[in-house]
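Please read the structure below before turning to the comments.
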Amino acid sequence: MSQSEKQHSSTGNDAARTETVVDVGTQRVARIYAEAVLGAAEKQKQSGEILEELEALTQQVFRADPHFQAFLASSAMGRERKAHVIRKAFENRASELLVNFLLVLNEHERLDLLQPITTAYRDLRDERGGRVRVQVSTAVPLPDDQRERLRQQLAESLHKDPVLELQIDPELLGGMVVRVNDWLYDYSVRAQLEDIRKQILARSSYEIQSRRDRFSSPDGN
Amino acid sequence: MRFKADEIVSVLQTEIDQYRSKLDAREVGRVLEVGDGIARVYGLSGVMSGEMVEFTRTKVRGLAFNLEENSVGVIILGDYLDISEGDEVQATGELLRVPVGDALIGRVVDPLGNPRDGKGPIVTTQTRLVESTAPGVAGRQPVNQPLQTGVKAIDAMTPIGRGQRELIIGDRKTGKTAIAVDAIINQRGENVICVYVAIGQKESTVAGVIENLHKYGAMDYTIVVISSAADPAPLQYVAPYAGCAMAEFYMYEQGRDTLCIYDDLTKQAAAYRQLSLLMRRPPGREAYPGDVFYAHSRLLERSAKTAERWVIVPSSADKTKVTDDWSVIRKPDNSPVVFVGPLEKEHAEKHELSKHPGHKVAKVVGSGGSLTALPIIETLEGEVSAYIPTNVISITDGQIYLQPDLFFAGVRPAIDVGISVSRVGGKAQIPAMKQIAGGLRLDLAAFRELEAFAQLGTELDKATQSQLDRGYRMVELLKQPQFKPMNVVDQVMVIYAGTKGYLDKIPIKQVAAWEAQFLRFIAEQRPAVRTALMKEKKLMPWIEQQLTAAIDAFQPQFKAPGAAAV
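Taken in sequence, the protein lines are chains A and B. According to my numbering, the first sequence is numbered sequentially starting from 440. According to my numbering, the second sequence is numbered sequentially starting from 9.
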């Protein structure tokens, strides 16, 4: 198993979600670049490394220094200046492919799309590799054997290679919540307690109503 | 105490014992942005257009309105102030439905069927889709039965039939709602279920209407659906469809006659415009979205007179339960033969029944119901050529046009006879009314012209003067106070008296008194005329004779108001 499996804190994954881009035009452009860079990376058999580098760049570098993101996105700086900075900052530190890609983006003045390109790259790579990202929330950390069993079961039912993204959410109390794309499978203790509460409320209000109706006149009330 | 605590405890215990845990699988999305009654949601990729969604945390419901490439535009049917960015939204897999049934009669509800009158929960298991398609050509029959509003001017000149759509249009404060409420009050004892949908109005106004409905006993057969001016735009948009669904239940399931009042569609169009602009749908004329016509046409198209269906069943069959399937005649593919409409019924009685001795022709339960719609449109400064008024005028089967000038001149209801029409209702009028009201419309229109001419102060010849006098009295006769709907038979009698010139000698100011005294006279001393007319519904020569005799007998008894009484 070569996929990276990350054990986030409970909010780790939400950050990426809220940065979702809704602008259709931006997403289309991002997908085109993502496809291109993925094609190049696959030729050199580096698609995994490029993803790691892109994610490191957009999540760690940008977060640590938001000015750098602003600098890249800004059109106030000349292209040559930015190219110079990119070379200086990344050459010999990042793979040659990434540096070239950044330079191409710079040439086309699309460096502001780095974030959506990263997302599109990840989704595209998952799609081509038959992988599917599955967010699993549990109240306590899952032991390795259970995690393995979960993965096998998911692989069986989804007919895809699941990439587990584990989260800890003590509020679930127990059980687990599995999310695959837009589908949420909730088997947490919290959800079941809520369900019980609803059923009991409905049942008792029905009982109260029927007792009341028994005493009131048939046409009145 | 009516229930014991331990009883409830045991109920809870069995409930817990019987609880079977189940996997809760749902399709979810996340709120990207929210405001002004709409939310943009990421995810929910499998949601249907018009599907109900639920905001998991606050339990508020919404409606998937716009399906876009990367997001779903949701209109929020409830309090949107508690919803925040990042909230989970789940699909319910159902289209929007409202509760229907007898539990709603006499109640005041919001467009989702939640009680608004503080009279406890509405317990019903039946629901109906808020948006449903109108019946097709085969499922309908022409309007053929009158819906009496009890307003003389309407029943005589712009009659409304069951299943018709008649628009009430006019400026603010011209008595539009008053006509609608009178129409509801007049349905007492007529076996018509009424639905009054108040859209975007002041709560105080609606409270007044409800109070009057209570006062005149109309809430026994009426449902009030409120989405006030304070409610979010999505609820105002949905309200007429919800009210229509509640009425449709009675039309389709029980074959009953219903009356639906949409007060008013101008405000619904404004609410829809707000939603559409917030959803960034392209604005068209007057900034309304392109499909605002469809919003109204699909609503009003749902009013119908559904065709009666007849089947041949054994004589012993229970008439209250007949369905299509009971038909003893079968097509080659074993589907039941149903006779639709009066012509086919006649055919069945004349030709088919003889082949099946011991059988009878029975109506399928739930067929032949009707939904009459009285949409209301408010105009600005009498401008009927604005976008929404022209749209709705073209959709409906006629309009009752109310004029502020007439209203302030004391002609109430302030119906402008010249431009008010009813395109189909004439067929549904009772023959007696048709006989006497035929010329009334033209007479009044001619009178209006003459009246303008007479104001020039020129000398008038005798014929013109008498035409004018007649006109003044007819106008006076058609005046009617609010909450005083009149039986159609009484209407026929007084209009008959007016058109035949019996009022020409009565001073204009005393016409109302004459009318009241005359009706009392008939009720007390000549009830036979009234019952005969009620039975025949036609002005037979012998009835006409009796009626003129009654009027002649009454004339000397008329006491001018103010004159010294005994």
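The C-beta atom is built at its ideal place from N, Cα and C for all residues, glycine as well. In this text the structure is predicted, and so the values were computed from the model without any measurement.
Separation of residue j from residue i, as counted between CA atoms
i: A:Arg564; j: A:Pro555; result: 14 Å
i: A:Asp608; j: B:Asp228; result: 54 Å
i: B:Ala13; j: A:Ser643; result: 11 Å
i: B:Lys358; j: B:Glu352; result: 10 Å
i: B:Ser18; j: A:Leu632; result: 19 Å
i: B:Leu575; j: B:Ile269; result: Beyond the ends of chain B as shown, which are 9 and 574, falls residue 575 of chain B; an answer cannot be given.
i: B:Phe529; j: B:Ile403; result: 44 Å
i: A:Gln485; j: B:Ser140; result: 55 Å
i: A:Arg629; j: B:Glu102; result: 25 Å
i: B:Glu544; j: B:Pro439; result: 9 Å
i: B:Asp32; j: A:Glu604; result: 20 Å
i: A:Asp551; j: A:Asp462; result: 14 Å
i: B:Glu389; j: B:Leu283; result: 26 Å
i: B:Val483; j: B:Gly418; result: 10 Å
i: B:Gln463; j: B:Ser430; result: 30 Å
i: B:Phe63; j: B:Gly426; result: 53 Å
i: A:Glu481; j: A:Phe529; result: 21 Å
i: B:Val496; j: A:Lys637; result: 53 Å
i: A:Leu542; j: A:Glu566; result: 26 Å
i: B:Thr182; j: B:Leu267; result: 22 Å
i: B:Ala557; j: B:Trp550; result: 11 Å
i: A:Thr558; j: B:Ala277; result: 41 Å
Minimum Cβ-Cβ distance from residue i to chain B less than 8 Å
i: A:Gln574; result: no
i: A:Leu623; result: yes
i: A:Gln689; result: This structure cannot speak to residue 689 of chain A, because chain A is shown only from 440 to 660.
i: A:Glu595; result: no
i: A:Glu646; result: yes
i: A:Val602; result: no
i: A:Ala578; result: no
i: A:Asn452; result: Because the pLDDT of A:Asn452 is 42, which lies under 50, any placement of that residue in the model is unreliable, and the number read from its coordinates should be weighed accordingly. It does not; no Cβ of chain B falls within 8 Å.
i: A:Ile556; result: no
i: A:Gln466; result: yes
Rounded distance between the beta-carbons of residue j and residue i, thought under 8 Å
i: B:Arg148; j: B:Ser311; result: Their Cβ separation, rounded to whole angstroms, is 10 Å, which puts B:Arg148 and B:Ser311 out of contact at 8 Å.
i: B:Leu286; j: B:Ile91; result: Incorrect: roughly 15 Å between the Cβ atoms, too far for contact.
i: B:Asp272; j: B:Tyr204; result: In fact, because the Cβ distance is near 12 Å, the residues do not count as touching under 8 Å.
i: A:Ala639; j: B:Glu23; result: According to the sequence as given, residue 639 of chain A is Ile; it is not Ala. Their Cβ separation, rounded to whole angstroms, is 5 Å, which keeps A:Ile639 and B:Glu23 in contact under 8 Å.
i: B:Val372; j: B:Val346; result: 7 Å
i: B:Thr274; j: B:Ile385; result: 5 Å
i: B:Gly171; j: B:Met494; result: No, B:Gly171 and B:Met494 are not in contact; Cβ-Cβ is about 23 Å, not under 8 Å.
i: B:Leu511; j: B:Ala520; result: Not confirmed; about 11 Å, so no contact.
i: B:Phe257; j: B:Arg124; result: Actually they do not touch by this definition, with Cβ atoms about 19 Å apart.
Any C-beta of chain A under 8 Å from that of residue i
i: B:Ala72; result: no
i: B:Arg577; result: The structure shown does not extend to residue 577 of chain B, since chain B is modelled only from 9 to 574, so the question has no answer here.
i: B:Asn122; result: no
i: B:Tyr27; result: yes
i: B:Leu20; result: yes
i: B:Leu31; result: yes
i: B:Phe566; result: no
i: B:Glu77; result: yes
i: B:Glu198; result: no
i: B:Glu23; result: yes
i: B:Leu286; result: no
Nearest to residue i (by Cα), restricted to the options the options
i: B:Ile84; options: B:Gly251, B:Gln153, B:Thr274, B:Ala279; result: B:Ala279
i: B:Glu96; options: B:Gly81, B:Glu354, B:Pro365, B:Arg38; result: B:Arg38
i: B:Val400; options: B:Arg65, B:Gly178, B:Ala453; result: B:Gly178
i: A:Val602; options: A:Thr465, A:Val619, A:Gly613; result: A:Val619
i: B:Ser393; options: B:Glu294, B:Tyr27, B:Gly183; result: B:Glu294
i: B:Val82; options: B:Ala111, B:Val106, B:Gly109, B:Tyr50; result: B:Tyr50
i: A:Arg520; options: A:Glu548, A:Asp504, A:Asp625, A:Gly569; result: A:Glu548
i: B:Val321; options: B:Ile201, B:Val369, B:Lys67, B:Ala111; result: B:Val369
i: B:Gln553; options: B:Leu137, B:Ala540, B:Ser378; result: B:Ala540
i: B:Gln437; options: B:Gly169, B:Pro489, B:Val106, B:Glu219; result: B:Gly169
Residues that DSSP places opposite residue i in a beta bridge
i: B:Pro107; result: B:Thr135
i: A:Tyr626; result: A:Met615
i: B:Met56; result: Bridge partners of B:Met56: none, in fact.
i: A:Ser576; result: A:Gln606, A:Val616
i: B:Tyr409; result: B:Ile177
i: B:Glu41; result: B:Arg48
i: B:Arg338; result: B:Pro344
i: B:Tyr204; result: B:Val232, B:Ile269
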